[in-house]
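Okay, so here's the structure we're looking at.
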Amino acid sequence: MAADKTLLGLDIGTSSIRAVIGSVSRDGQLMIEAVAERQSEGVKNGAIVNIEQTLKAINSVINDAELQSGNEVQSVILSVGGEHICGIKSNGAVGITNKNQEITSEDIRKSIEIARAHDLPQDTEIIHTLVQDFQVDSRYGIKDPIDMLGHRLDTRVLLVTGSSSIIQNERKCVQKAGLQVQRMILNTLADSEVALSQEEKEIGAIIINIGSGTTNMICYSQGSPVFAGGVAFGGDNVTADIAYILQLPRVAAESIKIQYGSCHTPSISSDEMVITPAVGGKPSLRMPRKELGKIIEPRMAEIFSLLQGKLDKENIQGSFGSGIILVGGGAMLSGASELAAEIFHLPAKVGFPVAIGGLDRQYIDPAYTTVLGLVKMEAKKYREISSHISTRAEKERLSRKMKGFFSKLF
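Numbering (UniProt numbering), first residue to last: 1 to 410.
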């Protein structure tokens, strides 16, 4: 496959930094060439708090990915997430002024620009403008109004915003690594690209990304995003609870969480036991696994309840027939889908990224949905641009051919 473009996706998380290098062929096919991961440094609750420490980790993971792929990269598609993420509903309306009263792409562009001119809080910038649907006069729920007749066009959008200072720190860190930021993408939007089908989006679905320091959510109804947000709690809070209550070092608490942890106590058998490690002269402890679950479950329930509260506050209406899809490293915690189903009163499951050419099976894992989604989204954009250019070139070729034909006739 002759590669035409090389893509680098970078997901800077609280506990891990992941990088993926992929190549896009001239026909828009994506092939994964490298996947790398390093322990994160200088990041707290999804935000960079020490640029030099984070820069060191970024350089390490990118060098690893470049060595694997044999390619050097100059630009990066960067994920963004955290408690600072907010989805703001907005609307832009324009009158249709052309003589035929036909809606054009220019009318859509103008209405979107009006929708973007929304008063934002201080230290806030727009990351994405996600079109939900259109209204032409009194006709609602239109997905593509081009060439329709009408007097007025309304465009409903979801403005995904974030903290300018947090975003600028990410950009600055990556630029200090010698890379240009090609695009920033909301982590749950990237997750949706590889863990949700278009059919699931149409039916209605909620993606929840459980990270170490933050948990983010995006909701789809009738194919379009209707909510985006996050909370500053994640898997690290669960680890901290275990460490505090059992008086263990964080490393030991993390190991116990991964090996024995469950956040749904009704699913735990009463006769299951856990043996904690002996640390600092303190003997090991034998305890029922259900007791460990009683430490973990309240924190996970709090995280899901906070997200549910955000939906209630925004009065998010819609049918979510596809239910909850859990991604991120925390999605693999035993009982997470059962607990989410109880709190949201929706079916829930763990989401895995779709297979992509060149991707090793070990990375078909919820922890890699974001970084894989970054390159998948950019490859999709590249494919659409290439298709548009090819279509335009074909039209120009046919036009020249027709002109030549008529010149011979006359």
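We treat Cβ as the ideally placed atom computed from N, Cα and C, and that holds for glycine.
query = At which residues does the beta strand (DSSP E) containing residue 5 begin and terminate?
reply = Boundaries of the beta strand (DSSP E) harbouring residue 5: 3–12, taken from the DSSP string.
request  = Buried or exposed for residue 147, please, with buried defined as at least 16 other CB atoms from any protein chain shown within 10 angstroms of its CB.
outcome  = exposed
message = Does the segment 60–79 come into contact with the segment 120–138, if we say contact requires no fewer than three beta-carbon pairs (one atom in each stretch) closer than 8 Å?
response = no
ask   = Beta carbon of residue 87, beta carbon of residue 227: below 7 Å?
value = Yes; because the gap between Cβ atoms is below 7 Å, this pair is in contact.
inquiry  = Please classify residue 214 as buried or exposed, where buried requires at least 16 neighbouring CB atoms within 10 angstroms.
reply    = Buried: at least 16 other Cβ atoms inside 10 Å.
message = Here's the rule I'm using: 16 or more other beta-carbon atoms within 10 Å means buried, otherwise exposed. How should residue 336 be labelled?
response = buried
Reference residue 328, options 71, 27, 24 and 46, closest by Cα = Cα-wise, what sits closest to residue 328 is 46.
query = Quick one, which of 324, 345 and 128 has its alpha-carbon nearest residue 352's?
reply = 324
ask   = Contact check, residue 34 vs residue 20 under 8 Å by CB: the rounded distance?
value = 7 Å
query = CB-CB under 7 Å to residue 260, same chain, minus the five flanking residues each way: which ones, in chain order?
reply = Correct list, in chain order: 274, 289 and 292.
ask   = So, helix, strand or coil for residue 20, using DSSP?
value = strand
request  = Take the Cβ of residue 199 as the centre, count every other Cβ of all protein chains shown within 10 Å, and call the residue buried at 16 or more, exposed below.
outcome  = exposed
key: Distance between residue 276 and residue 283 (C-alpha atoms, nearest Å)   = 9 Å
ask   = Apart from the five residues just before and just after residue 241, which ones in its own chain have a Cβ nearer than 6 Å to its Cβ?
value = Counting only Cβ-Cβ distances below 6 Å, and skipping sequence neighbours, we find 295 and 299.
ask   = Nearest-angstrom Cα distance between residue 254 and residue 104?
value = 56 Å
message = Please classify residue 454 as buried or exposed, where buried requires at least 16 neighbouring CB atoms within 10 angstroms.
response = This structure leaves residue 454 out entirely; the chain is present only between 1 and 410.
inquiry  = What does the Cβ neighbour count give for residue 313, buried or exposed, with the cut at 16 atoms within 10 Å?
reply    = exposed
query = When you compare only the Cα positions, how much space is there between residue 365 and residue 303?
reply = 22 Å
message = Just to confirm before moving on: does the CB-CB distance between residue 112 and residue 151 stay below 7 Å?
response = no
task = Give the secondary structure of residue 226 by DSSP, where H, G and I count as helix, E and B as strand, and everything else as coil.
result = Strand, per DSSP.
request  = Kindly indicate which three-state DSSP category residue 242 falls into: helix, strand or coil?
outcome  = helix
message = At the level of alpha carbons, what is the spacing between residue 204 and residue 343?
response = 17 Å
inquiry  = Just to confirm the assignment: which complete beta strand (DSSP E) runs, minimum length 3, are found wholly within the segment 25–75?
reply    = Counting only runs that start and end inside the segment 25–75, the beta strand (DSSP E) elements of at least 3 residues fall at 30–39.
message = Short of 6 Å in beta carbon distance, which residues of its chain neighbour residue 124, apart from the five on each side in sequence? Order them along the chain.
response = 161
request  = Spell out a yes or no on whether the segment 28–43 and the segment 57–75 are touching, meaning 3 or more CB-CB pairs, one atom from each, closer than 8 Å.
outcome  = They touch, by the three-pair rule.
Simplified DSSP state of residue 367, which is helix, strand or coil = Judged by DSSP in its simplified three-state form, residue 367 adopts helix.
query = Comparing alpha-carbon positions, which option in 330, 84, 153 and 71 lies nearest residue 102?
reply = 153
Inter-residue spacing [alpha-carbon to alpha-carbon] between residue 6 and residue 22 = The alpha-carbon of residue 6 is positioned some 6 Å away from that of residue 22.
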